[in-house]
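Numbering (UniProt numbering), first residue to last: 1 to 388.
As structure tokens, the structure follows; a few thoughts come after it.
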């Protein structure tokens, strides 16, 4: 039997990290549609993240992206976040939006450009120290478009050298999160294309280096929950970038395309004892809302993660284990599906009410008039965006 009190405690303790860039103008490589009320600086992005936390109660951390969130005084920015009830999470690097990086950043054939890219990684670590951030988040667009364009093995050596230099700069509780992506913008070979490549580099670096799983960065039909289970077993899963996709990487709202997949992923997290914030996994969102309003879209994604988590917590583990050990295929699947098919919205409404929150964050946000308020206030200046 499932202990509902324990389920509620776990849901109350859940922590989800939201991305600063999702509050700004964003979209696809074809078009970014500007919206009224979008933040004009990092402080307004953090204020929006604090608003999401205010209505959900489980999003007290906001990730930054450098140089999109560049400021003169990061210690002051961190203090500003804390004053609003949130803290700075992962510091994300950007080695993909500079003309110098056309042929790669840390894997570029030119030593000068590799040095420039590696120095940016070190700059991000310095920012971590000023903001109190724990995580250095790395994603490399590096790769090649044509066979023979560059030496595949040399590029791995260059990558390893840059990772080692950044890794050796980490101090205290700081750690490295290495993301991967199957393809795009490199279409023949990507230098970190999959979880196995990320895992191999992290294993070589040491215990401070862990894999970040972006749920949109896999080949179609990839069993992502297997990757989760494997990396948990190896103690090498450091973070998620939660989003959703229908074809290639779309960065849509979490759980939009396949909520069952999200449930299966969260079951492995629960099964591995990794839901507790003390375990150390960063449950980050990484989505770029092209047409929907920013803050409510993030609230919806947070709620979708909560619902998948609640269902995962409701799996009758004892009944499932009995069926699995007895080789009862149908019963094992039925136990699993019973939890997934449970309507957990009333349970989550109770959890929110017990925490002093409105049981329906989306409805509460609409009633608050906050959208109209920021549209009226954020007039003039330059809207933040991701530069597409």
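No residue lacks a Cβ here, since even glycine has one placed at the ideal position from N, Cα and C.
Beta carbon of residue 256, beta carbon of residue 24: below 7 Å? No, Cβ-Cβ distance for residue 256 and residue 24 is not below 7 Å.
DSSP three-state assignment for residue 19, whether helix, strand or coil: Residue state, collapsed to three classes: strand.
Residue 245 (DSSP reduced to helix, strand or coil): Residue state, collapsed to three classes: coil.
If we call anything under 7 Å between Cβ atoms a contact, is residue 178 one with residue 138? yes
Which class does residue 257 belong to by DSSP, given the choice of helix, strand or coil? coil
Name the residue from 217, 335 and 40 whose alpha carbon lies nearest to the alpha carbon of residue 141. Residue 217 holds the alpha-carbon nearest to the alpha-carbon of residue 141 among 217, 335 and 40.
Distance between beta carbons of residue 132 and residue 87, contact taken as under 8 Å: Confirmed, about 7 Å.
Restricting to Cα atoms, I'd like to know which of 18, 291, 97 and 175 is closest to residue 33. 291
Hey, how far is the Cα of residue 211 from the Cα of residue 168? 17 Å
In the structure shown, what three-state DSSP assignment does residue 252 receive? strand
Contact under 7 Å by Cβ, residue 118 with residue 44: no
Excluding sequence positions up to five away, which residues of its chain have a Cβ less than 7 Å from the Cβ of residue 197? 180
Once you ignore the five residues that flank residue 300 on each side, which residues in its own chain have a CB closer than 7 Å to its CB? 253 and 362
Do residue 200 and residue 143 come within 7 Å of each other at the CB atom, strictly closer than that value? no
Looking at the structure shown, is residue 288 part of a helix, part of a strand, or coil, going by DSSP? Of the three classes helix, strand and coil, the one that applies to residue 288 here is coil, per DSSP.
Which of the three DSSP states is assigned to residue 196 in this structure? helix
Along the chain, where does the alpha helix (DSSP H) containing residue 333 start, and where does it finish? 329 to 340
Cβ-based burial, residue 366 [other Cβ within 10 Å; buried from 16]: exposed
How big is the Cα-Cα spacing for residue 62 and residue 116? 27 Å
With DSSP collapsed to three states, give me the class of residue 111. It is helical.
Is the stretch 226 to 243 close to the stretch 270 to 278, with three or more CB pairs under 8 Å? yes
Distance, Cα to Cα, residue 174 vs residue 241? Looking at the two C-alpha atoms, the distance is approximately 19 Å.
Spell out the partners DSSP gives residue 32 in its beta bridges. 27
Assuming residue 16 contacts residue 302 (C-beta within less than 8 Å), just tell me the rounded distance between them. 5 Å
Would a C-beta distance cut-off of 7 Å place residue 160 and residue 106 closer than the cut-off? no
Distance, Cα to Cα, residue 6 vs residue 258? Taking the straight line joining both Cα atoms gives about 27 Å.
Can you list, in chain order, the residues of its chain whose CB lies under 6 Å from that of residue 304, leaving out five sequence neighbours each side? 254 and 255
Do residue 352 and residue 346 have their CB atoms nearer than 7 Å? no
Is there contact between the stretch 371 to 386 and the stretch 36 to 56, where contact requires at least three CB pairs shorter than 8 Å? Touching, per the Cβ criterion.
Pairwise C-alpha distance: residue 95 and residue 81: 26 Å
Going by the CB atoms, is the gap between residue 311 and residue 263 shorter than 7 Å? Against a cut-off of 7 Å, the Cβ pair of residue 311 and residue 263 comes out as a contact.
Quick one, are the C-beta atoms of residue 225 and residue 268 less than 7 Å apart? Taking 7 Å as the cut-off, the Cβ atoms of residue 225 and residue 268 count as close.
DSSP three-state call for residue 400: helix, strand or coil? This structure does not reach residue 400, given that the chain is present from 1 up to 388, and the question cannot be answered.
Could you spell out where the beta strand (DSSP E) holding residue 209 opens and where it closes? Per DSSP, residue 209 belongs to the beta strand (DSSP E) from 209 to 214.
Is the beta carbon of residue 66 less than 7 Å from the beta carbon of residue 136? no
Determine the burial state of residue 39: buried for a count of at least 16 other Cβ atoms within 10 Å of its Cβ, exposed for fewer. buried
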